[in-house]
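Written out below as structure tokens is the structure these notes cover.
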Amino acid sequence: GGYAGGNAWSANSTNGEGGYSFLDPSRTIPSMSEARSGYHAGPGSLLVIPAIPGCGCNYRCLALDARRSQVACICPKDWKLDSDGKTCILLDAPDTFSDWLIVILFLMLVSLMIAFGFVCVLLYNRYQHRTVGLVRRKMISSADLQLNRLPVASNNMLTEYNPNYEFAGVTYTLKDLKDIPRNQLQLQKALGQGAFGEVYQGFYRQRSGDAVEMPVAVKTLPALSTHEAEVDFLMEALIMSKFNHPNIVHFIGVCFDKHPRFIVLELLAGGDLKNFLRESRPKPDKSSSLTMKDLIMIAIDVAKGCNYMEENRFIHRDIAARNCLLTTKGPGRVVKIADFGMSRDIYRSDYYRKGGRAMLPIKWMPPEAFLDGIFTAKTDVWSFGVLLWEILSMGYMPYTGCANRQVMQLVTSGGRLEPPTNCPGPIYGIMTQCWHPDPDQRPNFKLILERLGYCGQDPDVLKAALPVFNRAPSQEKDVTIMRPGSHDHCIEVSKAAADYLIPTSLGPNTIGSTSSVDRLIPDNSDSWETSFVIPHSKSTQPLLPEPEYIDEVTTSSVSCETAAQLTNYEKFFRPPICFLEPHLYQNL
12 GGYAGGNAWS ANSTNGEGGY SFLDPSRTIP SMSEARSGYH AGPGSLLVIP AIPGCGCNYR
72 CLALDARRSQ VACICPKDWK LDSDGKTCIL LDAPDTFSDW LIVILFLMLV SLMIAFGFVC
132 VLLYNRYQHR TVGLVRRKMI SSADLQLNRL PVASNNMLTE YNPNYEFAGV TYTLKDLKDI
192 PRNQLQLQKA LGQGAFGEVY QGFYRQRSGD AVEMPVAVKT LPALSTHEAE VDFLMEALIM
252 SKFNHPNIVH FIGVCFDKHP RFIVLELLAG GDLKNFLRES RPKPDKSSSL TMKDLIMIAI
312 DVAKGCNYME ENRFIHRDIA ARNCLLTTKG PGRVVKIADF GMSRDIYRSD YYRKGGRAML
372 PIKWMPPEAF LDGIFTAKTD VWSFGVLLWE ILSMGYMPYT GCANRQVMQL VTSGGRLEPP
432 TNCPGPIYGI MTQCWHPDPD QRPNFKLILE RLGYCGQDPD VLKAALPVFN RAPSQEKDVT
492 IMRPGSHDHC IEVSKAAADY LIPTSLGPNT IGSTSSVDRL IPDNSDSWET SFVIPHSKST
552 QPLLPEPEYI DEVTTSSVSC ETAAQLTNYE KFFRPPICFL EPHLYQNL
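What follows is the structure in structure tokens.
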């Protein structure tokens with residue numbers, strides 16, 4: 012740049028206004044780049060000396076005066092002059108090779124670290140898997156060894172060796188259980204808590220490519236289980252795998268490759284029989300969907316399953332409505348026997364000589380079972396009689412209002428459950444035959460099936476009405492025990508009655524008639540309290556207190572125990588839970 016011409020002078024003069032000077036500082040020496048507007052007043056001149064090559068400069072030579080007595084080297088844009096004053100160096104020139112080398116080395120180092128960590132994790136997992144596998148194989152081998160040795164007799168007590176549990180004389184091991192690949196099993200939702208762990212509803216594909224899924228119930232054994240629970244779980248799987256009958260829950264297979272372990276069973280969507288009966292009770296404003304024919308068919312289904320077990324010399328030991336499941340609640344229902352937990356315990360040598368605590372269904376057990384520890388096929392016959400009573404009472408609790416030790420005293424003294432309301436005589440006759448004190452005199456299940464079949468064809472039996480309930484019981488457990496103020500309202504049981512007293516039959520007007528408990532209710536009473544005098548038992552065996560299932564403890568015999576104070580709603584109807592005094596049985 013240089014001077015720029017200014018405006019023409021307004022006066023008649025040869026000179027115009029002063030111009031402006033511009034110097035580009037990027038191409039000049041900083042000391043010479045100063046420019047001011049109007050710095051020079053008056054005429055001026057500009058000497059332009061172009062930069063030229065030479066002078067020993069790497070790029071160009073710049074004259075600092077008109078005579079070029081002083082020169083300086085300059086460099087192009089983005090270059091700078093080196094310390095020698097002649098060489099040009101590129102400004103901020105990146106070292107491309109060095110940067111890429113650093114990046115590559117860093118990536119290689121990270122990759123090596125990742126690979127090393129992966130190898131370490133892989134080796135650790137392999138070590139853990141091998142260690143856990145050895146432990147589990149040792150555990151399974153130990154459990155399998157116990158299963159193989161279970162049928163061996165003990166010299167301490169003959170009843171510890173029970174041939175009914177040898178599965179037709181053949182010893183079975185875990186290898187006989189059908190293994191289900193875990194990836195073909197899908198759990199959907201929890202159904203409830205079982206004896207070992209959660210029970211789930213799920214779906215099972217028989218082959219990995221199948222589109223059809225079978226609904227199943229899956230019993231689980233969690234990883235943190237005791238060795239005893241492990242053996243029990245395996246034993247239950249072995250027991251259930253041996254049955255193949257339409258009235259026994261179908262065993263599908265097991266997943267024992269790792270924890271949690273699974274037992275896969277068919278899914279019975281109808282729920283348990285006890286709750287089904289309670290839900291189906293007729294109300295004053297609503298009749299039941301069930302008929303007497305339906306109740307008989309339910310009993311026949313259970314009897315068929317029991318007959319199959321009896322023919323295969325197997326004892327269930329806990330035949331009850333709570334342990335029977337239904338395929339559906341609607342028409343076409345099939346009842347199946349489930350829950351073989353009590354049967355599983357027969358393999359333990361300490362069951363008959365318990366040093367700890369065990370849960371026993373006292374209200375469903377005959378005297379020889381809870382007093383002497385004797386379990387035979389006729390034990391299940393007695394239990395079936397109580398189950399039949401549950402069916403005809405629409406799911407009522409047997410011996411309601413009595414504790415288990417009272418029930419033991421009552422049963423050993425000859426007392427029995429009274430017939431449920433509107434119970435046909437022939438069906439109650441089957442019950443009393445099942446409750447015969449002499450096990451040899453009780454019918455087998457083949458005979459029970461025959462008699463139930465006759466009942467299902469008897470018009471007088473089929474037209475019997477079901478009991479009507481104003482409301483469902485709010486409690487399923489025994490209610491509060493109250494001691495009476497006087498023995499006037501006690502049902503006297505003869506103190507001369509022998510253990511296992513043989514009951515005698517009722518008169519023709521007794522079946523379905525007003526019970527002995529009704530006679531104890533004061534007129535216009537707002538509460539209902541009944542009491543029972545139970546004589547001293549002649550047995551020296553330990554008695555077992557607690558509801559429905561009872562912990563075994565040693566205790567003395569009980570004389571006069573009290574009955575229950577029933578809730579206020581029960582004054583509106585006569586519940587079918589009364590007991591027959593021994594002197595009422597005649598000619599059975």
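The sequence shown runs 12 to 599 under the numbering used here. All C-beta atoms, glycine included, are put in the ideal place defined by N, C-alpha and C.
Quick check on the DSSP output: the beta strand (DSSP E) that includes Ile63 runs from which residue to which?
It is not in any beta strand (DSSP E) - Ile63 carries neither H nor E in the DSSP assignment.
Could you check how far apart the C-beta atoms of Ile311 and Leu460 are, in whole angstroms? I think they sit under 8 Å.
Contact between Ile311 and Leu460 is confirmed by a C-beta separation of about 7 Å, below the 8 Å threshold.
By the DSSP assignment, the alpha helix (DSSP H) with Cys445 in it spans what residues?
436-445
My output table needs one value for Ala388: the three-state DSSP class, helix, strand or coil.
Ala388: helix per DSSP, three-state reduction.
Going along the chain, which residues of its own chain have a beta-carbon closer than 7 Å to the beta-carbon of Asn433, five neighbours each way excluded?
Ala475, Ala476, Leu477, Pro478, Gly523
Cutting at 6 Å between CB atoms, please list the residues of its own chain near Phe129, excluding the five before and the five after it.
none
Taking just the CA atoms, how far does Leu399 sit from Ile307?
Take the alpha-carbon of Ile307 and the one of Leu399: they are about 9 Å apart.
Output the residue ranges of the beta strand (DSSP E) runs that lie fully inside the segment 266-308 and measure 3 residues or longer, sorted by chain position.
272-277
For Gln139, count neighbouring Cβ atoms within 10 angstroms of its own Cβ and tell me buried if that reaches 16, exposed if not.
exposed
Output needed for Gly208: all residues of its chain with C-beta closer than 6 Å, excluding positions within five of it in sequence on either side, in chain order.
Thr231, Leu232, Pro233
Alpha carbon to alpha carbon, how far is Leu301 from Met225?
29 Å
Short of 6 Å in beta carbon distance, which residues of its chain neighbour Glu321, apart from the five on each side in sequence? Order them along the chain.
Ala388, Phe456
Option in Ala331, Ala126, Lys269 with minimal Cα separation from Lys285:
Nearest option by C-alpha distance: Ala331.
Closest residue to Asp283 among Asp350, Gln452, Val121 (Cα-Cα distance):
Asp350
Which same chain residues, not among the five before or five after Gly467, have their C-beta less than 8 Å away from its C-beta?
For Gly467, where only same-chain residues beyond five positions count, the Cβ hits under 8 Å are Lys304, Ile307, Met308, Ile311, Leu473.
Helix or strand or just coil, what does DSSP make of Arg71?
strand
Near Ala240, which residues of its chain fall below 8 Å by C-beta distance, leaving aside the five closest residues on each side in sequence?
Phe207, Leu232
Can you look up Cys131 in the DSSP assignment and give me helix, strand or coil?
helix
Go ahead and label Asp221 buried or exposed: buried means 16 or more other beta carbons lie within 10 angstroms of its beta carbon, across all protein chains shown.
Exposed is the call here.
Does DSSP put Thr231 in a helix, in a strand, or in coil?
strand
At least 3 beta-carbon pairs within less than 8 Å: the segment 335-346 vs the segment 405-415:
no
Looking at C-beta atoms only, is the number of pairs between the segment 253-265 and the segment 287-298 that lie closer than 8 Å three or more?
Note that the segment 253-265 does not touch the segment 287-298; fewer than 3 beta-carbon pairs, one per stretch, sit closer than 8 Å.
For Ile402, name the three-state secondary structure that DSSP assigns.
DSSP places Ile402 in helix when its eight states are reduced to three.
Anyone know if the C-beta pair for Cys86 and Cys66 falls short of 8 Å?
no
For Cys99, three-class secondary structure by DSSP:
strand
For the putative contact between Leu2 and Asp89, defined by C-beta atoms under 8 Å, what is the C-beta separation to the nearest angstrom?
This structure cannot speak to residue 2, because the chain is shown only from 12 to 599.
Whole-number beta carbon distance between Ser252 and Leu188, since they are thought to touch under 8 Å:
6 Å
State the start and end residues of the unbroken beta strand (DSSP E) segment that holds Ile250.
Here Ile250 belongs to no beta strand (DSSP E); instead the alpha helix (DSSP H) covers 238-252.
Those residues which DSSP pairs with Tyr211 across a bridge:
The bridge partners DSSP lists for Tyr211 are Ala201, Val229.
On the criterion of 16 or more Cβ atoms from any shown chain inside 10 Å, does Val143 qualify as buried, or is it exposed?
exposed
Give me the Cα-Cα distance between Pro10 and Val422, rounded to the nearest whole angstrom.
Residue coverage of the chain in this structure runs from 12 to 599, which leaves residue 10 outside it and unanswerable.
Counting only the same chain and skipping the five closest in sequence on each side, list residues whose C-beta sits under 8 Å from that of Gly366.
Residue placement at Gly366 is flagged as unreliable, the pLDDT there being 33, under the threshold of 50; the coordinate-derived value follows with that caveat. Contacts found: none.
Which same chain residues end up closer than 6 Å to Met442 when comparing Cβ atoms and leaving out the 5 residues on each side of it in sequence?
Gly396, Leu399, Trp400
Extent of the continuous alpha helix (DSSP H) to which Val472 belongs
470-473
Test item: CB-CB of Ser404 and Trp375 under 8 Å:
No, Cβ-Cβ distance for Ser404 and Trp375 is not below 8 Å.
Measure the C-alpha to C-alpha separation of Gly440 and Glu429 and round it to an integer number of angstroms.
11 Å
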